[in-house]
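Student: Residue numbering for the sequence shown follows full-length UniProt numbering, beginning at 1 and increasing consecutively.
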Amino acid sequence: MISQLTFLAMRFRFAALLGFAVLLIGSIAIAVGTLHVSRVPIDRDLPNDNSVLQDFSFIERAVGKRETIAFVVTSENPIERTTFLDICEKAFSFAQYPGVWFTDCQPSANDRAVLVPMEIDATLSDEILAMIPSMRRALESVGVGRVLLTGREVLVHDIQNGIARDLMLLLPLSFGLMFFVFWMSFRKIMLAIGAFFLLATVVALMFAGIGAFGIGVSLILMLTPLILIAFGGPYIVYLFVHFQDLRREGANPLQALTSALHQSAWPVLWGSAIAAVGFATLGTFPITTIRTFGIVTSIGTVLTALFALGGGSAVLMMFGTGPVAPKQGTVRKIVGLIELAIDKTLGAFAASIARFSSTYPILVTGVVIAVSIFVLVGLPPKVGSDLIAYFPSDHEARAADKILRSSFGGAASMVVLLDGKTEGIFTDPQEIIAFQEYVGALQTNPDIGIVIPQWEKLGDPFDESYRYALLRIRLRSTESNVIRSVREMVLKAGQSHLPGITIATAGDMALAAEQDDVMIRGQVNNIIASVIIALLVCIFAFRALRFGVLAPLPFILATVLTFGAMGWLGISLTMATALITGIAVGIGLDFGLHFLDHARKTKACTPDDFAEIGRTTGKPILIDAIATIAAFLVYLFSSFPPIKELGILIALMTAGAAATALVLLPALARLFARYPQPKEPA
């Protein structure tokens, strides 16, 4: 198979690269014309048997399905009554807009802010988005002060746009740093360009497929290109570095490509297959967004490996066949010396690490175990998310949240519906007293800012039949953990004070918190499944229990250490941070497979043997780790905290996987690897 791929790469290299170019241009054109931001209502993203969703559906049938957004009009001085009435006149006029069902006007206690809540259709449609600027201008025309916009749908919309904007700004810089490391490592600029050409083709093709199938780009799906870039880097680096090393040793291009494929193809194909299966298992996830992410990323992982081997071979045959001779000209000679120094330094460094680890395997293993325990027992990561925490400190969402918490009881809201099951039940004095005690119990919760009776917005909690009662609770926090705990308290207090009444809660913040919880629990289970799959497949691939158990260690340890580091750094375990642990599977497993495959083939058992593996196989591991870490640390310059956290975590995972492969694997392979000894001649 490898000899056939080598022949095809040599014979049809120009046609192959032309085909990739056409595919890239076509994919970009399709993606530009078809991609759109996902606006799937959150209640369509949870499984039908979810208790929170069932409460939401119950309330929807009783009082209708709405979403609340709000303007906050602020002033440095107390707002005069005539000005307040002017604001209210503008606010009430918004009810004439299509898709807006109700508007209100609420002053703060200190008269320095006015809250203008609006009930709109369940999702923030393009029509309402188009009307928001004119609404804002109408309120600004009063001339009081700053006008802020808030509400879950507004926050999610701003987060998506802000993250997409930052990614578009930072991706070129990220690519540039990765490109520079590749150029210095491959020692030919056209090879670096070819590597990025292949990565760009995979990413463009995946986005074209997403757009062609009408899939909206969600916050979670934005992680896919980052994962494919992180996976594609090592796939290409191994092939190109092995090829260049062999060329410098005197091999002709065909010999170098054949040997490089023999060293790289097996680990790349097995590693990508295991990572793809891990992501594919998300296809059974109960949440639509995660199912889509798992399937798309699984397909992208396989394509990335195939493009790296097939397209990478064509790139090498097109641009890597020139003579390996000293560069002419002063500048080119200096650049060549720098490239050579980097190449030899990385190789010598990796060889030294492997030699030391295999010389003192028990010491190294003990140190790694001690460091792991220290990181793990330090601070377990906080589980849960907070939409407000996604924004930079100077964003209007932060300012609106501060005012809502201090003047209006909180930024998040929760609807509570009480069903007495028979008409007139809430005319019974005992039930009314029990209801008042229930409301009083809710108000004692420190996370609840205010409880508002809100049937038809008349201040009366009961409907005309006195069967239902409706309350709107303002929460002091938008953290998912707080929202979940308040919901549990609301239901328990209902069972205590109103045992015969059915109580249901709703609100998009509650649904989002539940979605977060379901996703995180499911992803943790998926990580465990990925570990089991990796162990079984590695044992099968190596046909040896010892190698099969050792190979997944880099990604297992990288994942464990990253979770521990999240606690120390104060990074919460959210949907996004849980999902990117899949990167550790692809990168870490690839590192382990390459190192141990070389050890198995050479039957390494002495420090000198492992030093040679470090020089040849450890060097591309270092190159890829440096390129990936540099590329993702760029995201520290993002204004959005989640992007910064993603950059830090991906860099940590890569560093942890590379360190485990170069430091721990030589030690463990020296301790536990066994090779069949040749029989003595008779």
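Here a beta-carbon is modelled for each residue, glycine too, at the ideal position from N, C-alpha and C.
(1) Run through the DSSP bridge pairs and tell me what P107 is partnered with.
(2) Among L589, R467 and C605, which one has its Cα closest to the Cα of G424?
(3) Report the option in T68, F632, A200 and H598 whose CA atom is closest to the CA atom of G151.
(4) Taking only the alpha-carbon atoms, compute the straight-line gap between A661 and P620 and give it to the nearest angstrom.
(5) Do V585 and R278 come within 9 Å of each other at the CB atom, strictly closer than that value?
(6) Classify R13 as buried or exposed, calling it buried when 16 or more other Cβ atoms lie within 10 Å of its own Cβ.
(7) Can you have a look at N526 and say buried or exposed, based on whether 16 or more other CB atoms are within 10 angstroms of its CB?
(8) Measuring straight from C-alpha to C-alpha, what distance separates D394 and L387?
(9) Per DSSP, L573 is paired with what?
(10) Going by C-alpha distance, which of Y360, H242, I290 and Q255 is nearest G347?
(11) Between the C-alpha atoms of A397 and A350, what's the straight-line distance to the nearest angstrom?
(12) Count the other CB atoms within 10 Å of the CB of V364; is the residue buried (16 or more) or exposed (fewer)?
(13) Contact between the segment 596-607 and the segment 568-588 is defined here as three or more beta-carbon pairs at a separation below 8 Å; is this criterion met?
(14) Would DSSP call V100 helix, strand or coil?
(15) Return the first residue and the last residue of the alpha helix (DSSP H) that M489 is part of.
(16) Decide yes or no for the touch test of the segment 426-438 against the segment 472-482: beta carbon pairs closer than 8 Å, at least 3 of them.
(17) Do A551 and L596 have their C-beta atoms within less than 9 Å of each other?
(18) Would you mind reading off the limits of the alpha helix (DSSP H) that contains V268?
(19) Could you name the residues of the same chain whose beta carbon sits closer than 6 Å to that of D111, not counting the 5 residues immediately before and after it, in chain order?
(20) So, are the CB atoms of I227 and G582 less than 9 Å apart?
(21) Using 10 angstroms around the beta-carbon of K188, count the other beta-carbons present and answer buried if the total reaches 16, otherwise exposed.
(22) In whole angstroms, what is the alpha-carbon distance linking P607 and A389?
(23) Could you have a look at D419 and say whether DSSP puts it in helix, strand or coil?
(24) CB-CB under 7 Å to L30, same chain, minus the five flanking residues each way: which ones, in chain order?
(25) For the 8 Å Cβ check, are there 3 or more pairs between the segment 621-628 and the segment 357-373?
(26) For D401 and I532, what's the separation of their Cα atoms in angstroms?
(27) If the criterion is Cβ atoms closer than 9 Å, does the pair A113 and F102 meet it?
Tutor: Short version:
(1) Residue 107 sits at position 107 when you count from the first residue of the sequence shown. Answer is V114.
(2) Taking the first residue of the sequence shown as 1, we reach residue 424 at position 424. Looking at the Cα atoms, R467 is the closest of the given residues.
(3) Here the question's residue 151 lines up with position 151 in the sequence shown. Here the closest residue by C-alpha is T68.
(4) One-based indexing of the sequence shown puts residue 661 at position 661. One-based indexing of the sequence shown puts residue 620 at position 620. In a straight line, the C-alpha of A661 is about 12 Å away from that of P620.
(5) Position 278 of the sequence shown, counted from the first residue, corresponds to residue 278. Position 585 of the sequence shown, counted from the first residue, corresponds to residue 585. According to the sequence as given, residue 278 is Gly; it is not Arg. Judged by beta-carbon spacing, V585 lies within the 9 Å limit of G278, meaning their Cβ atoms are closer than that value.
(6) Translated into positions along the sequence shown, residue 13 becomes position 13. Label assigned to R13: buried.
(7) To locate residue 526, count along the sequence shown from 1; it is residue 526. N526 comes out buried.
(8) Along the sequence shown, read from residue 1 onward, the residue named residue 394 stands at position 394. Along the sequence shown, read from residue 1 onward, the residue named residue 387 stands at position 387. When rounded, the distance between both Cα atoms is 15 Å.
(9) As a working note, residue 573 is residue 573 in the sequence shown. DSSP output for L573 lists V383 as bridge partner(s).
(10) Counted from its first residue, the sequence shown places residue 347 at position 347. Checked all of Y360, H242, I290 and Q255; the closest Cα to G347 is H242.
(11) If you number the sequence shown from 1, residue 397 lands on position 397. If you number the sequence shown from 1, residue 350 lands on position 350. Whole-angstrom Cα-Cα distance: 48 Å.
(12) Counted from its first residue, the sequence shown places residue 364 at position 364. Here V364 is buried. Its C-beta has 16 or more other C-beta atoms within 10 Å.
(13) The segment 596-607 is not in contact with the segment 568-588.
(14) As a working mapping, residue 100 is identified with position 100 in the sequence shown. Correct three-state label for V100: strand.
(15) Sequence index remark: in the sequence shown, residue 489 carries index 489 (1-based). Counting along the chain, the alpha helix (DSSP H) containing M489 begins and ends at S480 to H497.
(16) Cβ pair count under 8 Å is below three, so no.
(17) The residue you call residue 551 lines up with position 551 of the sequence shown. The residue you call residue 596 lines up with position 596 of the sequence shown. When the beta-carbon positions are compared, A551 and L596 come within less than 9 Å of each other.
(18) For the purposes of this step, residue 268 is taken as the residue at position 268 of the sequence shown. Element bounds for V268: P253 to A280.
(19) In the sequence shown, counting from the first residue as 1, residue 111 sits at position 111. Here the set comprises P78 and I79.
(20) Counting from one through the sequence shown, the residue named residue 227 turns up at place 227. Counting from one through the sequence shown, the residue named residue 582 turns up at place 582. Yes, the pair counts as a contact, with Cβ atoms nearer than the cut-off.
(21) The sequence position of residue 188 within the sequence shown is 188, counting from 1. Buried, because 16 or more other Cβ atoms sit within 10 Å of the Cβ of K188.
(22) Residue numbering aside, residue 607 sits at position 607 when the sequence shown is read from its first letter. Residue numbering aside, residue 389 sits at position 389 when the sequence shown is read from its first letter. A straight-line Cα-Cα distance of about 49 Å links P607 and A389.
(23) Locating residue 419 in the sequence shown gives position 419, counting from the first residue. In the displayed model, D419 falls within a strand according to three-state DSSP.
(24) Residue numbering aside, residue 30 sits at position 30 when the sequence shown is read from its first letter. The residue asked about is misnamed: residue 30 is Ile in this sequence, not Leu. The beta carbon of I30 sits closer than 7 Å to those of A208, G211 and A212, all from its chain and outside the five residues before and after it, given in chain order.
(25) Touching, no.
(26) Counting from 1 along the sequence shown, the entry for residue 401 is found at position 401. Counting from 1 along the sequence shown, the entry for residue 532 is found at position 532. The straight-line gap separating the alpha-carbon atoms of D401 and I532 is approximately 44 Å.
(27) Taking the sequence shown and counting its residues from 1, one reaches residue 113 at position 113. Taking the sequence shown and counting its residues from 1, one reaches residue 102 at position 102. Not closer than 9 Å, so no.
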